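Following: one structure in structure tokens, then a few remarks.
In our numbering, the protein residues as written are 231 to 364.
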């Protein structure tokens, strides 16, 4: 497993096609210059909890005789009243529907652009986000 520390503070980035010879999945997000994913050493059976917007990924499964398994869970605060449309439907642990309105945020993805010599994320087709990569 690899993560990009601090990337959970970036806007959600637009994906691009990944090379599945070096990536576990077929999508990736471009990282700004000077930013790299860092390995998170894990042993079989280990669990890693992280912010859902943290850029993360892994290399392809190199085992010839074992399948990689992952259990992924997304959680939302119990007092939440809205959530981005991509998380609808949201369900309670017993499977019943949570009545949440659609959040005005959580829509378009961002792309890295240079503005006045600084790299900033710009929402696709909209406005520049003030967060810079650090």
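Quick reminder that beta carbons are idealized off the backbone N, C-alpha and C, glycines included. Computed from a predicted structure; not experimentally measured.
What are the boundary residues of the beta strand (DSSP E) that includes residue i?
| i | result |
| --- | --- |
| residue 351 | 348-353 |
Our contact map puts residue i next to residue j with C-beta atoms below 8 Å; I'd like the distance itself, whole angstroms only.
| i | j | result |
| --- | --- | --- |
| residue 176 | residue 333 | Residue 176 falls outside the range modelled here, since the chain spans only 231 to 364, and no answer is possible. |
| residue 268 | residue 232 | 6 Å |
| residue 289 | residue 254 | 6 Å |
| residue 329 | residue 343 | No, residue 329 and residue 343 are not in contact; Cβ-Cβ is about 38 Å, not under 8 Å. |
Out of the options, which has the shortest C-alpha to C-alpha gap to residue i?
| i | options | result |
| --- | --- | --- |
| residue 287 | 258, 338, 308 and 263 | 258 |
| residue 339 | 234, 329 and 242 | 242 |
| residue 292 | 283, 251, 260 and 256 | 251 |
| residue 261 | 273, 298, 246 and 304 | 246 |
| residue 285 | 270, 316 and 299 | 270 |
| residue 281 | 311, 306, 290 and 297 | 306 |
| residue 331 | 249, 279 and 310 | 310 |
| residue 276 | 265, 296, 297 and 301 | 301 |
| residue 266 | 256, 274, 237 and 248 | 237 |
| residue 297 | 274, 249, 344 and 352 | 274 |
| residue 279 | 303, 326, 320 and 324 | 303 |
| residue 283 | 347, 326, 345 and 244 | 244 |
Tell me the start and end of each unbroken beta strand (DSSP E) in the segment 267-351 that is at least 3 residues and wholly inside, in chain order. Whole beta strand (DSSP E) segments, 3+ residues: 340-345.
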